[in-house]
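Novice:
There are 4 protein chains.
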Amino acid sequence: MILDDGGDLTHWIYKKYPNMFKKIKGIVEESVTGVHRLYQLSKAGKLCVPAMNVNDSVTKQKFDNLYCCRESILDGLKRTTDMMFGGKQVVICGYGEVGKGCCAALKAMGSIVYVTEIDPICALQACMDGFRLVKLNEVIRQVDIVITCTGNKNVVTREHLDRMKNSCIVCNMGHSNTEIDVASLRTPELTWERVRSQVDHVIWPDGKRIVLLAEGRLLNLSCSTVPTFVLSITATTQALALIELYNAPEGRYKQDVYLLPKKMDEYVASLHLPTFDAHLTELTDEQAKYLGLNKNGPFKPNYYRY
Amino acid sequence: MILDDGGDLTHWIYKKYPNMFKKIKGIVEESVTGVHRLYQLSKAGKLCVPAMNVNDSVTKQKFDNLYCCRESILDGLKRTTDMMFGGKQVVICGYGEVGKGCCAALKAMGSIVYVTEIDPICALQACMDGFRLVKLNEVIRQVDIVITCTGNKNVVTREHLDRMKNSCIVCNMGHSNTEIDVASLRTPELTWERVRSQVDHVIWPDGKRIVLLAEGRLLNLSCSTVPTFVLSITATTQALALIELYNAPEGRYKQDVYLLPKKMDEYVASLHLPTFDAHLTELTDEQAKYLGLNKNGPFKPNYYRY
Amino acid sequence: MILDDGGDLTHWIYKKYPNMFKKIKGIVEESVTGVHRLYQLSKAGKLCVPAMNVNDSVTKQKFDNLYCCRESILDGLKRTTDMMFGGKQVVICGYGEVGKGCCAALKAMGSIVYVTEIDPICALQACMDGFRLVKLNEVIRQVDIVITCTGNKNVVTREHLDRMKNSCIVCNMGHSNTEIDVASLRTPELTWERVRSQVDHVIWPDGKRIVLLAEGRLLNLSCSTVPTFVLSITATTQALALIELYNAPEGRYKQDVYLLPKKMDEYVASLHLPTFDAHLTELTDEQAKYLGLNKNGPFKPNYYRY
Amino acid sequence: MILDDGGDLTHWIYKKYPNMFKKIKGIVEESVTGVHRLYQLSKAGKLCVPAMNVNDSVTKQKFDNLYCCRESILDGLKRTTDMMFGGKQVVICGYGEVGKGCCAALKAMGSIVYVTEIDPICALQACMDGFRLVKLNEVIRQVDIVITCTGNKNVVTREHLDRMKNSCIVCNMGHSNTEIDVASLRTPELTWERVRSQVDHVIWPDGKRIVLLAEGRLLNLSCSTVPTFVLSITATTQALALIELYNAPEGRYKQDVYLLPKKMDEYVASLHLPTFDAHLTELTDEQAKYLGLNKNGPFKPNYYRY
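Chains as they are written, first to last, in numbering that gives the first Met the number 0: chain A, 0 to 305; chain B, 0 to 305; chain C, 0 to 305; chain D, 0 to 305.
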């Protein structure tokens, strides 16, 4: 079995030891990037064992992204800058799970939050959740903090950075280190000053300073911690996926990429309920029949969004 | 074309005028129940035209359910009971989109909210959102309000009703009129007193009164209003689905049930952004290529949960 | 004893039956206006019996104003307009107790809320609570709702009304009917259309409509209800004030205006705790001594702000 | 002038150099404790210069306590324990400004929060804000975190500590180091293990561990930081108080303890508005006259609670 996070191991075996795939029963992949690479292999007809995409299981998505980032954005900013959130103007680029978590947390702490989005559905959600939907240019001169959570590249460009006000804080909660065009700041007219671990002041000729966190890498990994509870959920999901692929009867999984079966997703959740002393209700026979459900789940169709 | 809500028209044509289906290009169905009936027809191999399930489009789900109910639960309770929400203990049965909306609203108004769930994933979401997950029996004696949003039947039984405290309010935000076992209250030892339109006091021999709203039918339809904004989203979705089925080239849709194509879902959302003066960001060519997306969408895979 | 609300009864007795004051043991006054009139009488040396200002007791202020308005702003708007709160831009004039309640409620419902203030302390509170502090002119063209809660006059002028966008809703949660300059709308070029009880459309020559609620009178009194819980707190406060003045030993109260003794304020609160099944902790002897407090209260100095 | 925080300098001069008071124009005191000592001196007739209590100015109270603690409780817990807040059960002892801040923050992060109180008014506020009011004994076995913010002593006793569940976190946001009876944990049958700076595990004979932060001293000072914004407000208040006492005409201040004049409190606030780009509204002459106010303030009576 391969348990991978990012797809590098998978890639390496493909390149160096392709024969090993004869003995490998399956791949379990954790990350957006790795999953992307698997889907490409699959499209190209080159995936030679079943693979399971655990990145998109509900428990992983909601916990690793929404709930975890709701807390780590505050933690990461506090540890690096000691700033006060109340009254600060913040623009958050991207209103996916990570963006939703960051927005909720900062709004709750009294920040005034603006959102940018490319997807009209997420944009409408931002509106209904009480955030002004703007283009970055509209607010870049006035905000105190810029946070990227898009999974995209060059969302914050040198032009944006040039227009930010003095002591604006810039950081990335999204993906890799591509969202902020940090390379554009490595030019002779700008001075870099490391003021603390993970915190750089980039200084313009007129004295304006931008506070860049973690050199544009992930704030939640570089400047915050991942709670054990989130690790437990992720690890449980991975372990169950490995067991499922290993034990699956011949033919259940072909040479393709699969989502974790919903029943397993539900099982991961149920294993974590006791820590909250949470008491689940059981369907009666009559209710299960009425709903056309098995009393032990799965409880939702595959397209259910939670 | 058939534009249906609940499946009754479809059913009636099947029964009385089956020949009409030769001329019908498709069915657009709006409701959970109607969609359920369509999937059953499809399974049984009896669906003879393409059908589109607009109930499960994102815009419909989030707006008709989450965002609309977040407001109508407050509206419905105020119009019928004039109660104060602050400090009240409330149990909400079901933490789907409707339950999430009701919980968020009442928590924001200062109620203490308990949640019951059968699905461990939704249960874990309730925990992370700050609600105690209980079985109904654990809190039934102490709560001031009981709200059902499960889509299930007999969630509140006579036994529960017997144990509620005096002047407890009971209402249904979920589905049809099955969630509260109202029939069990039509017994000789209980007295019904209509105190106001949509409000009944059910009186126990010892004088205890339960305040039953809308006789257990949907509070949001019986005692509140649906904002025009939500109607606009729903109607737009229906109209686009009709146009899509009508204009689709031969063979795109078979005799099956389809979800609204994501691009249309996104289009519905984009049509409603201007009312919020919301400004969508456009991908640059470079970004679209990086993400492997068309600049005009769709922006997400089908399994994306929002 | 006189139990007054607004000072009219007091004024009338002063004018018509001044001799009655020989037999009157005291006045209990409920409203801002009445209290203002009493303080003026006192300043002028004309107050001839003790008076108790119950308007400024904590329980009255927080419940009648903050907590009650937090709910009645939503109720009043829903009953009159059926609008959806999510995504709406709202400006709230005044960030006192009433304004704080309105802001908290609408923010929780997903509105984007701007605040205007004259007092820098309240203004700073608005900032820390996450609201943009603006002058009315800055946002008047873009907002969907204008709510006044200042206690002032002509806060919304004809000039503001001229600049509002089509279908903007205007209402008053503050004081009397002075906050919106409704008189300025009674001019020939504007057409008034009563669309529903308490709801007028005022129509400009170019077709623009403003939705004026309750003709600028108090929304919370005209279009919403006051929960019995709030009435109970207010009535208890009044009753205790009457008893206190009646039973007070000669000389405790002179011909002046008094705040309700803190111990009574605390007593009113304690009488309302059982409805929430709330369990108060008692100080141990050792703790009471350490804090220099009587175990039965009062627990705070008079200047404590809660 | 004496600028004191805690009253130690004042005490020391009283004891060692009482003659210096002949040349001292006044004392400005920052802390609860120091203010308490000044009031005692004043009661005893021993205060020989005017003193200004800046602890109870609005800006100090709300910023140093409510708004600052709303953030530092999260910061302090994260830096020491890396715990996840979502779903955790927390009991907060005391619902004053500090308790209100802690409760709001943890509720917003998805914790389930219980409150204990001795004062019925604060208790009723806790109810209206959506918190179950309990005695500590009722929830001590089930909570994950215990936070004290009472200003009292021995709020958490050895008996409570004995009954907490394994890995319960205990910390103090209130006053000094008296709130948790830490001394009671220094007994032979309990083992202390320092797991990290400011974090001790106290281990019971059966293996149960309690996580004690900062040995019961103030979490917000020991394990978090005070934002510069809060320091600026406090320092401004102190400086203005010094200037006021120094410049005051003979006789304005006697040998007593004074609150900062409201106009200065408002001035401190107004100096901090520009950092939020906040725009204050000015009263028109007509409005100022209507309200009976000076256009430059003060805007509220002394008993106003904000």
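Where a beta carbon is used, it is the ideal one built from N, C-alpha and C, also for glycine.
#1: Give a yes or no on contact between the stretch 176–193 of chain B and the stretch 13–31 of chain B, applying the rule of three or more CB pairs nearer than 8 Å.
#2: Can you check DSSP and say which residues form a bridge with LEU2 of chain D?
#3: What is the DSSP secondary structure of GLN141 of chain D, counted as helix, strand or coil?
#4: Is ASP223 of chain D close to chain C, meaning its C-beta is less than 8 Å from at least one C-beta of that chain?
#5: Just to check my reading of the structure: ILE120 of chain D and TYR305 of chain C have Cβ atoms closer than 8 Å, yes? What is that Cβ distance to the nearest angstrom?
#6: Kindly say whether PHE228 of chain C, judged by its beta-carbon, lies nearer than 8 Å to any beta-carbon of chain B.
#7: Using only the alpha-carbon positions, how far apart do SER41 of chain C and GLN254 of chain C sit?
#8: Is the Cβ of LYS14 of chain C closer than 8 Å to any Cβ of chain B?
#9: Output yes or no for whether 8 Å exceeds the beta carbon distance between GLN237 of chain D and LEU2 of chain D.
#10: Looking at LYS77 of chain D and VAL48 of chain D, is the spacing between their C-beta atoms short of 8 Å?
#11: Would you say GLY86 of chain A reaches chain D, if we count a Cβ-Cβ gap shorter than 8 Å as a contact?
#12: Using a Cβ distance threshold of 8 Å, determine whether the stretch 59–74 of chain C contacts the stretch 173–191 of chain C, with at least three qualifying pairs required.
#13: Can you look up THR280 of chain C in the DSSP assignment and give me helix, strand or coil?
#14: Closer than 7 Å, Cβ to Cβ, to anything on chain B: give me those residues from the stretch 263–285 of chain C, in chain order.
#15: Out of D:VAL27, D:MET127, D:VAL201 and D:ASP143, which one is the CA nearest neighbour of THR274 of chain A?
#16: Check the Cβ-Cβ distances between LYS45 of chain C and every residue of chain B, and say whether any is below 8 Å.
#17: By the DSSP assignment, the beta strand (DSSP E) with TRP191 of chain A in it spans what residues?
#18: In three-state terms, what does DSSP make of ARG117 of chain B?
#19: Would you grab the beta carbon distance between GLY109 of chain A and PHE84 of chain A for me? Rounded to a whole angstrom, and I think it's under 8 Å.
#20: Closer than 7 Å by C-beta to LEU8 of chain B: which residues in its own chain qualify, once you throw out the five before and the five after it? Chain order, please.
#21: Would you kindly check if the distance between the Cβ of LEU132 of chain B and the Cβ of VAL114 of chain B is under 8 Å?
#22: Suppose you measure from the CA of LYS106 of chain C to the CA of ALA103 of chain A; what does that come to, to the nearest Å?
#23: If we count the other Cβ atoms within 10 Å of its Cβ and call it buried at 16 or more, is ARG140 of chain D buried or exposed?
#24: For GLN88 of chain D, list the residues DSSP reports as bridge partners.
#25: Rounded to the nearest angstrom, what separates GLU96 of chain B and GLY150 of chain A at their Cα positions?
#26: Cβ atoms of ILE209 of chain D and MET163 of chain D: under 8 Å apart, would you say?
#27: Taking 8 Å as the threshold (beta carbon to beta carbon), is LYS106 of chain D in contact with chain B?
#28: What does ARG69 of chain B reach in chain D if we use C-beta pairs closer than 9 Å?
#29: Just checking my contact of VAL241 of chain D with VAL27 of chain D at CB under 8 Å: how many whole Å lie between their CB atoms?
#30: Starting from MET51 of chain C, find everything on chain A with Cβ-Cβ shorter than 7 Å and list it in chain order.
#31: Among B:ASP264, B:PHE298, B:ASP276 and B:GLU281, whose alpha-carbon lies nearest the alpha-carbon of GLY86 of chain C?
#32: Taking buried to mean at least 16 other C-beta atoms within 10 Å of its own C-beta, is ALA213 of chain A buried or exposed?
#33: In chain order, what are the residue ranges of uninterrupted alpha helix (DSSP H) at least 4 long that sit wholly in the stretch 158–243 of chain C?
#34: Which residues share a DSSP beta bridge with ILE146 of chain C?
#35: Any idea which residues DSSP pairs ASN295 of chain D with across the strands?
#36: Reducing DSSP to helix, strand and coil, say where ASN52 of chain A ends up.
Specialist: Put simply:
#1: Counting Cβ pairs under 8 Å, fewer than three are found: no touch.
#2: DSSP output for LEU2 of chain D lists D:VAL27 as bridge partner(s).
#3: Here DSSP, grouped into helix, strand and coil, assigns GLN141 of chain D to coil.
#4: Checking the sequence shown, residue 223 of chain D turns out to be Ser, not Asp. Taking Cβ atoms only, chain C never reaches closer than 8 Å to SER223 of chain D, which makes this a no.
#5: Cβ atoms of ILE120 of chain D and TYR305 of chain C come within 8 Å of each other, at about 6 Å.
#6: Output row for PHE228 of chain C: interface = yes.
#7: Each residue's CA atom was taken as its position, placing SER41 of chain C and GLN254 of chain C some 8 Å apart.
#8: No, LYS14 of chain C does not count as interfacial toward chain B.
#9: Yes, these two residues count as a Cβ contact at 8 Å.
#10: Not in contact: VAL48 of chain D and LYS77 of chain D (Cβ atoms no closer than 8 Å).
#11: True, the Cβ-Cβ gap to chain D drops below 8 Å.
#12: Under the 8 Å Cβ criterion, the stretch 59–74 of chain C does not count as touching the stretch 173–191 of chain C, having fewer than three qualifying pairs.
#13: It is coil, neither helix nor strand.
#14: Taking 7 Å as the cut-off between beta carbons, the residues of the stretch 263–285 of chain C near chain B are PHE275 and ASP276, in sequence order.
#15: Considering only alpha carbons, the answer is D:ASP143.
#16: It does not; no Cβ of chain B falls within 8 Å.
#17: Per DSSP, TRP191 of chain A belongs to the beta strand (DSSP E) from 190–195.
#18: Note that residue 117 of chain B is Ile in the sequence shown, not Arg. Here ILE117 of chain B sits in coil by DSSP.
#19: Contact between GLY109 of chain A and PHE84 of chain A holds: CB atoms are separated by about 6 Å, below the 8 Å threshold.
#20: The beta carbon of LEU8 of chain B is closer than 7 Å to those of ILE1 in its chain, skipping five residues each way along the sequence.
#21: In this structure, LEU132 of chain B lies closer than 8 Å to VAL114 of chain B by Cβ.
#22: Their Cα atoms are separated by approximately 12 Å.
#23: Exposed is the call here.
#24: GLN88 of chain D is bridged by DSSP to D:ILE111.
#25: Pairing GLU96 of chain B with GLY150 of chain A, the inter-Cα distance amounts to about 26 Å.
#26: The Cβ atoms of MET163 of chain D and ILE209 of chain D lie closer than 8 Å to each other.
#27: At least one chain B Cβ lies under 8 Å of LYS106 of chain D.
#28: What ARG69 of chain B touches in chain D: nothing, since even the nearest Cβ is about 16 Å away.
#29: Here residue 241 of chain D is Leu; the residue named in the question, Val, does not match the sequence. The Cβ separation is near 5 Å, so the contact holds.
#30: Close partners of MET51 of chain C in chain A (Cβ separation under 7 Å) are lacking, with about 37 Å as the shortest Cβ gap.
#31: Comparing Cα positions, the closest option is B:ASP276.
#32: Counting Cβ neighbours within 10 Å, ALA213 of chain A comes out buried, since at least 16 surround it.
#33: Complete alpha helix (DSSP H) runs here, min 4: 218–221.
#34: ILE146 of chain C is bridged to C:ILE91 and C:CYS170.
#35: DSSP lists no partner for ASN295 of chain D.
#36: ASN52 of chain A: strand per DSSP, three-state reduction.
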